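Colleague:
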Amino acid sequence: MTQLTALEIQLRHRRCRLANCPICENLPFPSVVDGLRRLGLTVEEFSDDSPSGFACVVVREDEETCSHLLGCEQSQGDTLVKPTPCDPLNGKPANLILNMNHELVCPERTLLSAQIDACIHEKFEAQVCKTPDAIAVSYENEKLTYRELNERANRLARYLKTHGVGPEVPVALYLERSLEMVIAIVAALKAGGAYVPVDLAYPKERFAFMLEDTQAPVTITTERLRSSLPSSARRVLCLDSLSRDISRERSENLPSETTGENAAYIIYTSGSTGNPKGVVVTHRNVVRLLTQTEPWYGFDSSDAWTLFHSYAFDVSVYEMWGALFYGGRLVIVPYLATRSPEAFYELLAKERVTVLSQTPSAFRQLIWAETAAETKRELSLRYVICAGEALELQSLKPWFDLHGDERGS
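Have a look at this one:
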C-alpha cells in the first residue's frame, strides 16, 4: 500500500459482485482496519436507490502507474475521496474512477485476458525468444541459459509423453535442489502434466499417501534417491541413468495441449488436521497472479531471484516463475544455506539478488544475521516480499535502522 495515497470504497449493495477486487491475505481484520485508520483512508457502507454495484476510487501518486495497474482508461467525474486531517493529498481530486457493475469493461481487457489465458510454459517460451542467451537458472557452480533450459526441458517433456504423460496427468517429483529439479518442473508442464512435488523430508508414509491419492503413473527422481521411494511408486524415471535416452529426443518446443484452465501442479497441505489434502492449481492461477502484480514491481531481465523455499511450498512457484517470466536469473539456494541465515546473507550479496521472498520469521533471522555480521555486505535488494505469516512491523526496525526506507519494499 505504499503507493496508495487515498482510497474510499463505497458498497452500494451487500450482494454486489466483487470478483475483480484485489484481495489481501494473511492479515487479521482488525489490523486492516487499524492500517486504514492510520493512513487516513475512509471506508463507508450505505444504502440508497442506486443500482447495485461496487465503486472504487483510487488516487495514486502517478496517474500512469494507476492506469496501467487497473487496465482502464481514466474516467471523468466528481471525486469520492473525502480528505481527512492526515490525508496527504489534502483534497486533491481523484485521477481514476473504477466502476464495477457486474462486468468490468476496460480498453485493455481483451489483451489482459489473452495474457492470463496463456499457459505457464508458453509464457516461459516467449521469454526464451527474447533472451535466449541470458542466464536463466544457477545452482552453486552450475548454470543454464534460457535456451539451454528450454531445450533440456523439451527433450524430457517428449520422453515423458512416451510414458503416458499428457494433459493433467500427475507427475510426482522426488528431487534434490538442482538444475534438474527446475528442468523437470518445466518439462512436466510442457508435456501437459501436473507436477506433484514431494519434499525429501517427507516421511515415506506421506509420500505413499500422495502417490495413492493422485494415482501418479510416473515418478521422476535420481538413482541416489530411488531407494527412498515407497513400493507403491509405479513407473520410476531416474534422470541420471536415463540421460542418454532423454538426450536423443528433439529439442524444439512441443505443441501445447493444455489451456489456462488445466492443472499445473498439486501441492499438499501439512495434514495437521488429518490426511494431507492436495490443492490443484491451474496455469491460469499462476499466470494471473504474476501478470496482475508485475506492474506493481516492474520485474525485468536485470532481476535476480532466490529459489529459497522447498518446491513443495507454494511460495516457490512465485519465486521460480517471477524470474523466468521476465528474463530474470533464478538462484537455487543450497539446502544448508536455507538453514543458516549467515550463509544465506553471504549468498544474497555474492549473487546480487534483487528480489527476495521470505516468510516473516525467516526474514527476521536474516535481519539478525546481518546485524551481527562483523563485515557488512552490500546488498542489491529491490524488493523483499513477505508471505505465509502475519508480518509484525516492529520486527523490521533493525532492517530500517541499517538500510533506511528507500532500499527495498
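Using this note's numbering, read the sequence shown as starting at 908 and increasing by one per residue. For every residue, glycine included, the Cβ atom is placed at its ideal position computed from N, Cα and C. None of the values given here were measured: they were computed from a predicted structure.
DSSP state of Lys1030, grouped into three classes?
Modeller: helix
Colleague: Indicate whether Phe1114 and Val1103 have their beta-carbon atoms separated by less than 8 Å.
Modeller: no
Colleague: Under DSSP, the alpha helix (DSSP H) around Leu1243 begins and ends at which residues?
Modeller: 1242 to 1245
Colleague: What residue does the alpha helix (DSSP H) around Lys1304 start on, and which one ends it?
Modeller: Note, Lys1304: alpha helix (DSSP H), 1304 to 1310.
Colleague: What does DSSP give as the partner residues of Glu1049 in its beta bridges?
Modeller: Its beta-bridge partners are Tyr1046.
Colleague: Using the three-state DSSP reduction, which class does Ala1279 fall into: helix, strand or coil?
Modeller: helix
Colleague: Exposed or buried, Arg1155, counting other C-beta atoms within 10 Å across all chains shown (16 or more means buried)?
Modeller: exposed
Colleague: So, does the region 1142 to 1149 touch the region 1157 to 1173, judging by three or more C-beta pairs under 8 Å?
Modeller: no
Colleague: Short check: CB of Cys1026 to CB of His1190, under 8 Å?
Modeller: yes
Colleague: Inspect the beta-carbon positions of Gln1265 and Val1291 and report whether they are closer than 8 Å.
Modeller: yes
Colleague: Is it right to say Pro1110 is buried, meaning 16 or more other beta carbons lie within 10 angstroms of its own, or is it exposed?
Modeller: exposed
Colleague: What are the boundary residues of the alpha helix (DSSP H) that Ser1150 is part of?
Modeller: Taken as a continuous stretch (DSSP letters only), the alpha helix (DSSP H) holding Ser1150 covers 1150 to 1154.
Colleague: Considering only the beta carbon of each residue, do Asp1207 and Gly1229 sit closer than 8 Å?
Modeller: Gly1229 sits away from Asp1207, with the two beta carbons spaced by 8 Å or more.
Colleague: Please give me, in chain order, every unbroken run of the alpha helix (DSSP H) with length at least 4 that falls completely inside the region 1072 to 1120.
Modeller: 1086 to 1097
Colleague: Using the C-alpha atoms, what's the distance from Ala1091 back to Thr1069?
Modeller: 15 Å
Colleague: Establish whether the CB of Lys1111 and some CB of chain B are separated by less than 8 Å.
Modeller: Note that chain B does not occur in the displayed structure, where there is just one protein chain.
Colleague: At which residue ranges does the region 1131 to 1208 contain complete beta strand (DSSP E) runs of 3 or more residues, listed in the order of the chain?
Modeller: 1142 to 1145, 1170 to 1175, 1185 to 1189
Colleague: Is the region 1232 to 1248 touching the region 1205 to 1220 in the sense that three or more CB pairs, one from each, lie closer than 8 Å?
Modeller: yes
Colleague: To the nearest angstrom, how far is the alpha carbon of Leu1309 from that of Val1262?
Modeller: 18 Å
Colleague: Measure the CB-CB distance between Arg1054 and Asp1040 and report whether it falls below 8 Å.
Modeller: yes
Colleague: What residues in its chain sit with their C-beta under 6 Å from that of Glu1277, if we drop five residues either side in the sequence?
Modeller: Taken in chain order, the residues that qualify are Tyr1252.
Colleague: Excluding the 5 residues preceding and the 5 following Gln1301 in the sequence, name in chain order all residues of the same chain whose CB lies nearer than 8 Å to its CB.
Modeller: Counting only Cβ-Cβ distances below 8 Å, and skipping sequence neighbours, we find nothing.
Colleague: Confirm, please, whether the CB-CB distance from Lys1184 to Tyr1172 is below 8 Å.
Modeller: no
Colleague: Whose C-beta lies closer than 6 Å to the C-beta of Val1089 among residues of the same chain, with five residues either side of it excluded?
Modeller: Val1044
Colleague: Between Glu1032 and Asn1061, what straight-line distance do the alpha-carbon atoms span, to the nearest angstrom?
Modeller: 10 Å
Colleague: For a quick check, are the C-beta atoms of Thr1128 and Leu1118 less than 8 Å apart?
Modeller: Result no, Cβ atoms of Thr1128 and Leu1118 do not sit closer than 8 Å.
Colleague: Just tell me which of Glu1083, Trp1212, Glu1087, Gly1311 has its CA closest to the CA of Leu1051.
Modeller: Glu1087
Colleague: Output needed for Glu1299: all residues of its chain with C-beta closer than 8 Å, excluding positions within five of it in sequence on either side, in chain order.
Modeller: Pro1267
Colleague: Could you check what DSSP says for Val1125 in three-state terms: helix, strand or coil?
Modeller: Per DSSP, reduced to three states, the secondary structure at Val1125 is strand.
Colleague: The alpha helix (DSSP H) that contains Leu1231, what's its start and end?
Modeller: 1222 to 1231
Colleague: Could you check which residue in Ala1108, Pro1202, Val1240, Pro1074 has the C-alpha nearest to that of Ala1094?
Modeller: Out of Ala1108, Pro1202, Val1240, Pro1074, Pro1074 has the C-alpha closest to the C-alpha of Ala1094.
Colleague: The beta strand (DSSP E) spanning Leu1214 covers which residue range?
Modeller: 1211 to 1214
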